[in-house]
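Below is one structure; the comments refer to it alone.
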Amino acid sequence: MSSTQRSDERPSPRAALGLPSATALVIGSIIGTGVFALPSALAPYGPISLVAFGAVTLGALALAVTFGALSKRVPASGGPYVYAREAFGEFAGFLNAWSYWITAWAGNAAIVVAWVGYVEVFVNTGHRTAMSVLIALVGLWIPAAINLTGVRNIGAVQVVTTVLKFIPLVFMATIGLLFIDPHNFGSFNASGQSALGAISAAAAIALFSYLGLEAASVVAGRVRKPGRNVPRATVYGTLACAVIYILGTLAVFGTVSHGELGASTAPFTDAANNIFGGTWAGDTVAVAAIISGIGALNGWTMLCAEMPYAAARDGLFPGAFAKLRGENGVPVFGIVASTVLASLITVFSYTRFDDVFTKIVLLSVLTAVIPYLFSAAAQLYWLLVRGRENLSPRRLARDITVSVLAMAFSYWSIQGSGYQTVYYGLFVLLLGLPVYVWLKRGQGVYGEQPTAPGPLPDDRAPETAIPTAKRISHAVPTSRTGALRRNRLRNRD
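Numbering-wise, this note's numbering puts 844 at position 31 of the sequence shown, and it's gapless, one number per residue.
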């Protein structure tokens, strides 16, 4: 065991989330303001993006089932971080925690940019940059303040905002379909790319709408009966969002002309206004989008703190992230640090990027896909290496198929992100390497080694201290490790 206790072996924070709250957390984290801005982001590709949305939905469901299975194996807070660490060792766990943490706070920046678009239906209608930035900062820090009060209040806010946000989305996904005008769809492939290229590019954007499907697994330590409730919350929440997403986006495409849709900052508002005339319906949708954004930011701010908290308890993230404050056990440093970073990238994006929402979306998707890949690989590892004897051939084949689909979908999403996004994503991922080295050196793992070891007896292995952080047991049973070392010595002799 490492010098720090593993997160699943230490007392966890108070488990205050039941199945309804956990499901609301999944839905609230998935359905933010992203879905309300997504039709405009997909408009440049035309209706072919709906094909991409369908493919992304299948991939998201495969990921949801995979996360549900993984949460039964390891019902501890940390989600993708814990799964990668348990399957592939601590370095893989660190990379997942680092990448997911970037996804969480960068994703908050994307959510708040879309949220501002709906706030500006009522204020700052001229879209002055300075005012937009101020509104965005308010939108980031209100959920942070809610998170600082404790997990019970977070759960209550998620339930309320989830119910309120569903009303206009369900309306557009049902009644809105009756008002579709085929002429509004425009050219099927408006991108000028090949069909496959357009679908891949649109899919990378559409995937952002499903980020957060793993939310319940990330906070599993705060969920009552996690082995039962986390898988259900993950699958139920993702299925509910999938139905709303596809039908709602189809309705917007069919009620707003293609030209207007591409220039819109509040497409669902425009769709509602086109259906009923006037502005009252659009204003109602805008209010729902604002509430939805607060709910999504509330859930994602929690994830911003939970992932590094779980890793920090294992010594794989700076120790400040592991400190809990108050009776409710709030990871204050993680909440504040993540919100500060989200604020900085929001300000930078408004002043430097022309297409703020899409650029941050693609970066968030890329850094999220890396933990998704590792999670699917971890499930395959357990199925093929460590758990196949416990499953019937039919169940094994089914689970392997789902995991392979989830992995292939993740690779496809990376391919569709574009070279520039992959460059930026790789850059921020590699920034974590010095942090990992610093953490390990602080634990004495990379200390100085003797330069002139004395002679060893022929019949025993060297007395070298093996860092406990190395998770050799995942690849080789512990009882065989010494024998392997002795064989290597004899071979050298």
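Where a beta carbon is used, it is the ideal one built from N, C-alpha and C, also for glycine.
query                                                                                                                                                                      : result
Does the contact criterion of 3 or more C-beta pairs under 8 Å hold for the region 1147–1156 versus the region 1038–1053?                                                  : no
Taking the CB atoms as reference points, tell me whether I1227 and V1235 lie closer together than 8 Å.                                                                     : yes
Could you check which residue in S945, F1240, V972 and R1126 has the C-alpha nearest to that of F1161?                                                                     : S945
Rounded to the nearest angstrom, what separates T1062 and P852 at their Cα positions?                                                                                      : 6 Å
How big is the Cα-Cα spacing for L1239 and L838?                                                                                                                           : 29 Å
Under the three-state reduction of DSSP, which class applies to R1037: helix, strand or coil?                                                                              : coil
Pop quiz: F1066 and P857 are said to be a contact at Cβ under 8 Å. What is the actual Cβ separation, rounded to whole angstroms?                                           : Not really, about 13 Å apart at Cβ, beyond 8 Å.
Between which two residues does the alpha helix (DSSP H) holding I993 run?                                                                                                 : Looking at the DSSP string, I993 is not in any alpha helix (DSSP H), and its letter there is neither H nor E.
Compare the C-alpha of L874 against each of L1196, H1071, A1055 and Y1237 and name the closest.                                                                            : A1055
Confirm, please, whether the CB-CB distance from A850 to G930 is below 8 Å.                                                                                                : yes
Is F1130 close to chain D? Criterion is C-beta to C-beta, closer than 8 Å.                                                                                                 : Note that chain D does not occur in the displayed structure, where there is just one protein chain.
Please determine if the region 944–964 and the region 915–925 are in contact, where contact requires at least 3 C-beta pairs separated by less than 8 Å.                   : yes
Can you tell which of Y1194, V1250 and G968 has its C-alpha closest to the C-alpha of E899?                                                                                : Y1194
Are the beta-carbon atoms belonging to L972 and S834 less than 8 Å from one another?                                                                                       : Residue identity differs from the one stated: residue 972 is Val in this sequence, not Leu. Yes, these two residues count as a Cβ contact at 8 Å.
What number of angstroms, rounded off, separates the C-alpha of A1033 from the C-alpha of G1072?                                                                           : 44 Å
Which value, in whole angstroms, describes the spacing of the CA atoms of A986 and F979?                                                                                   : 10 Å
Taking A1308 as the reference, which of V932, Q1233 and L1252 has the closest Cα?                                                                                          : With the chain running from 814 to 1306 in the structure shown, residue 1308 is simply not present.
Give me whichever residues DSSP pairs with R1138 in a beta bridge.                                                                                                         : V1143
Is it true that the CB of A1076 sits closer than 8 Å to the CB of G1229?                                                                                                   : no
Specify whether the region 1105–1112 and the region 993–1007 touch according to this definition: at least 3 beta carbon pairs, one from each stretch, less than 8 Å apart. : no
So what does L830 bridge to, in DSSP terms?                                                                                                                                : V1036
Which residue marks the beginning of the alpha helix (DSSP H) containing F1130, and which one marks its end?                                                               : Taken as a continuous stretch (DSSP letters only), F1130 belongs to no alpha helix (DSSP H), as it is neither H nor E.
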